[in-house]
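This report concerns only the one structure given below.
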Amino acid sequence: MITRTITKRISRRRLAAGVCGLLAAMAVTLSPTPAAAGEPTPGTAPGAAPKVELTLDVSGSMRARDIDGQSRMAAAKQAFNEVLDAVPKDVQLGIRTLGATYPGNDRQVGCTDTKLLYPVGPLDRNEAKTAVATLVPTGWTPIGPALQAAAKDLKGGDGQRRIVLITDGEDTCQPLDPCQVARDIAAQGIHLTVDTLGLLPDAKTRSQLSCIAEATGGTYTSIQHTDQLRDRVHQLVDRTARRVTTPVATQGAAQCATAPELKPGLYSDREKFAEHRWYRVDVKPGQELRASVSIGADRAVNDDYGVLLRASSVHGREIVRGAEAGDGRTDVISTGLRYAKSEVDASDDATKDAAETVCLQVSNSFSAGPSVKTEPGLPVELAVDLVDGPHDASDVASFGLGRGWWLLGALLLAGFVGGVVWGWISRWRITVWRTN
Numbered sequence: 003m004i005t006r007t008i009t010k011r012i013s014r015r016r017l018a019a020g021v022c023g024l025l026a027a028m029a030v031t032l033s034p035t036p037a038a039a040g041e042p043t044p045g046t047a048p049g050a051a052p053k054v055e056l057t058l059d060v061s062g063s064m065r066a067r068d069i070d071g072q073s074r075m076a077a078a079k080q081a082f083n084e085v086l087d088a089v090p091k092d093v094q095l096g097i098r099t100l101g102a103t104y105p106g107n108d109r110q111v112g113c114t115d116t117k118l119l120y121p122v123g124p125l126d127r128n129e130a131k132t133a134v135a136t137l138v139p140t141g142w143t144p145i146g147p148a149l150q151a152a153a154k155d156l157k158g159g160d161g162q163r164r165i166v167l168i169t170d171g172e173d174t175c176q177p178l179d180p181c182q183v184a185r186d187i188a189a190q191g192i193h194l195t196v197d198t199l200g201l202l203p204d205a206k207t208r209s210q211l212s213c214i215a216e217a218t219g220g221t222y223t224s225i226q227h228t229d230q231l232r233d234r235v236h237q238l239v240d241r242t243a244r245r246v247t248t249p250v251a252t253q254g255a256a257q258c259a260t261a262p263e264l265k266p267g268l269y270s271d272r273e274k275f276a277e278h279r280w281y282r283v284d285v286k287p288g289q290e291l292r293a294s295v296s297i298g299a300d301r302a303v304n305d306d307y308g309v310l311l312r313a314s315s316v317h318g319r320e321i322v323r324g325a326e327a328g329d330g331r332t333d334v335i336s337t338g339l340r341y342a343k344s345e346v347d348a349s350d351d352a353t354k355d356a357a358e359t360v361c362l363q364v365s366n367s368f369s370a371g372p373s374v375k376t377e378p379g380l381p382v383e384l385a386v387d388l389v390d391g392p393h394d395a396s397d398v399a400s401f402g403l404g405r406g407w408w409l410l411g412a413l414l415l416a417g418f419v420g421g422v423v424w425g426w427i428s429r430w431r432i433t434v435w436r437t438n
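Quick note, the sequence shown lines up with residues 3 to 438 if you use the numbering used here.
This is how it looks when you write it as structure tokens:
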């Protein structure tokens, strides 16, 4: 009995040691190298000061007392004061109001009631708070005119630009459609994002604010409490302070011969429904072209659509293509391709180093109902990169895994070690069992 107990304890200890060894081996294998851990995050880049404009609805409906026992206006003021105390130093901030000055019934006058309360620039917290404290719920809800004016307030500079629209109702100044205004802003190529926050919104307000946000690549948030409003506005202001790569505005051509030449980078364009656009990239021997494209459905479109990214020679010979189809379940559809140009043996250095012009064709198969405006075109984002190509023709980017090959290798090694350890433990336990 004593011998069997000792044998069981030894078995447990050896089993625990084997498992710990296996976990340690997997941890060492899967952990990133110090060089990889210290690599900078891709997509970040220094630039000009970021700008954000808080656009606040001060219409009569903001008097309603249904947010945490206080009026919507009081909740907004409280949230603004707390946000202003925490604005990062390098962010230039402005405040615009809509419906804050005209209390009458003249629609034409009420729909022009938008005012720059605090100009976009370095923030004086006391001055900004004093300006906000004077606001009293007054008039109409001219969201479209306010967005147009806010876009002008933020013009200039290369930093990030963001409008944070806070309202408790839909626009009351139709037929100027705020969604169309947002699309027009996005089509200007100034890379301005509009984030919308709805205070206790109804279905119509949610639909309109979501449309505005989607048209510019922004976000929509439904707000029920004061702390939600404060936290979300603070989060958006902080997000504006992060340095990111801003896409370069370009315009594709109807044919490759007149297409713009693209260098490695991120580009934005607009493409009409069911349109083809061309771009050119020079690929040198020994380089690999990696390109991807995304097209956003910033308005109501029919189901069943697709995007094609096709690489061909200047003579029209297709090299490689990438395609993706959708069925209305997502607002963005993307695809990509890779093309490696092998190094050539030639006595003439000029011939050896000559670059090949690759024509990139971006096509879409979007369609929409007769009531949907097709102008401006759909937003397109095109990423182009040139990297060192594979050394061997049979090396297809490490079997298509790119830099993920090490993970597959780690999993194979972990499986092998685990199988060996488990087999050894099982065999040892059977031997002990037979002995006992």
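C-beta atoms are modelled at their ideal positions from N, C-alpha and C, and glycine is treated no differently.
Could you tell me which of the options sits nearest to residue i, measuring between CA atoms?
i      : options                        : result
Leu119 : Thr99, Trp142, Pro105, Gly106  : Thr99
Ser270 : Val303, Ser294, Val60, Gln257  : Ser294
Leu56  : Asp108, Ser63, Thr116, Asn107  : Thr116
Pro59  : Lys53, Lys91, Ile165           : The sequence given here has Asp at residue 59, not Pro. The option with the nearest alpha carbon to Asp59 is Ile165.
Ile97  : Lys91, Thr132, Arg109, Asp70   : Thr132
Asp173 : Thr143, Leu149, Gly191, Val183 : Thr143
Val250 : Gly161, Arg301, Ile432         : Gly161
Thr221 : Gln289, Leu362, Ala357, Asp333 : Asp333
Ala357 : Glu263, Pro124, Lys154, Asp126 : Glu263
Gly141 : Asp126, Asn128, Val122, Gly106 : Gly106
Val122 : Ala51, Pro139, Gly146, Ser63   : Ala51
Asp126 : Lys91, Leu178, Cys258          : Lys91
Asp179 : Phe275, Val386, Leu149         : Leu149
Pro287 : Ala261, Val360, Arg65          : Val360
Gly324 : Ile432, Ser315, Leu311         : Leu311
Cys181 : Ile168, Ala261, Ile192, Val196 : Val196
Gly308 : Pro203, Arg292, Ala276         : Ala276
Glu383 : Leu268, Arg431, Arg245         : Leu268
Arg292 : Ser315, Gln257, Ala215, Leu362 : Leu362
So, for residue i: in the same chain, excluding its five sequence neighbours on each side, which residues have a beta-carbon less than 8 Å away from its beta-carbon?
i      : result
Gly40  : Legend: pLDDT at Gly40 = 36, less than 50; position of this residue unreliable, no value from coordinates given.
Glu290 : Arg340, Tyr341, Ala342, Lys343, Leu388, Val389, Asp390, Gly391, Pro392, Ala399
Pro124 : Gln94
Ala135 : Lys79
Would you kindly report the start and end of the unbroken alpha helix (DSSP H) that includes residue i?
i      : result
Cys361 : Element bounds for Cys361: not the alpha helix (DSSP H) but the beta strand (DSSP E), 358-366.
Lys375 : Neither: Lys375 is in no alpha helix (DSSP H) and is coded neither H nor E.
Ala217 : 205-217
Arg163 : No alpha helix (DSSP H) contains Arg163, which is instead part of the beta strand (DSSP E) from 163-169.
Asp233 : 228-243
Lys131 : 127-135
Leu86  : 74-86
Gln110 : 109-112
Need the endpoints of the beta strand (DSSP E) that residue i sits in, please.
i      : result
Pro147 : Pro147 -> not in any beta strand (DSSP E); alpha helix (DSSP H) instead, spanning 145-155.
Val295 : 289-298
Ala385 : 380-390
Ile192 : It is not in any beta strand (DSSP E) - Ile192 carries neither H nor E in the DSSP assignment.
Lys117 : 116-123
Ala342 : 334-342
Val54  : 53-59
Gly308 : 307-314
Ala325 : 320-328
Gln94  : 94-100
Under 6 Å Cβ to Cβ from residue i, same chain only, skipping five residues before and after it: list those, please.
i      : result
Ser336 : Ser296
Val322 : Ala313, Leu339, Tyr341
Arg279 : Gly254, Glu273, Val364
Asn83  : Lys131
Val374 : Arg301, Ala302
Tyr104 : Val111, Gly112, Asp115, Gly141
Leu409 : none
Ala152 : Glu55, Thr57, Arg98, Ile165
Thr169 : Asp59
Arg67  : Ser73
Could you pull out every residue in the same chain whose Cβ sits closer than 7 Å to the Cβ of residue i, ignoring the five residues on either side in sequence?
i      : result
Trp435 : none
Val54  : Val93, Leu95, Arg164, Val166, Val239, Thr242
His236 : Val85, Ala88
Ala81  : Thr228, Leu231, Arg232, Val235
Thr218 : Ala184, Ile187, Ala188, Leu194, Thr195, Val196
Let me know if residue i comes out buried or exposed under the rule of 16 or more other beta-carbons within 10 Å of its beta-carbon.
i      : result
Thr207 : buried
Val422 : exposed
Ala2   : Lying outside 3 to 438, the shown extent of the chain, residue 2 is not represented and no answer is given.
Ala102 : buried
Ser61  : buried
Arg319 : exposed
Glu129 : exposed
Val283 : buried
Ala38  : Confidence is the limiting factor: at Ala38 the pLDDT is only 35, short of 50, which leaves the residue's position unreliable and the question unanswerable from this model.
Val30  : Note on Val30: pLDDT 35, under 50, position unreliable in the model; no value is reported.
Ala47  : Confidence at Ala47 is low in this model, with a pLDDT of 43, below 50, so the placement of that residue should be treated as unreliable; the coordinate-derived value is given next. Exposed.
Ala299 : buried
Leu413 : exposed
Between the stretch 184-200 and the stretch 67-81, do at least 3 Cβ pairs fall closer than 8 Å?
The stretch 184-200 makes no contact with the stretch 67-81; the number of CB pairs closer than 8 Å stays below 3.
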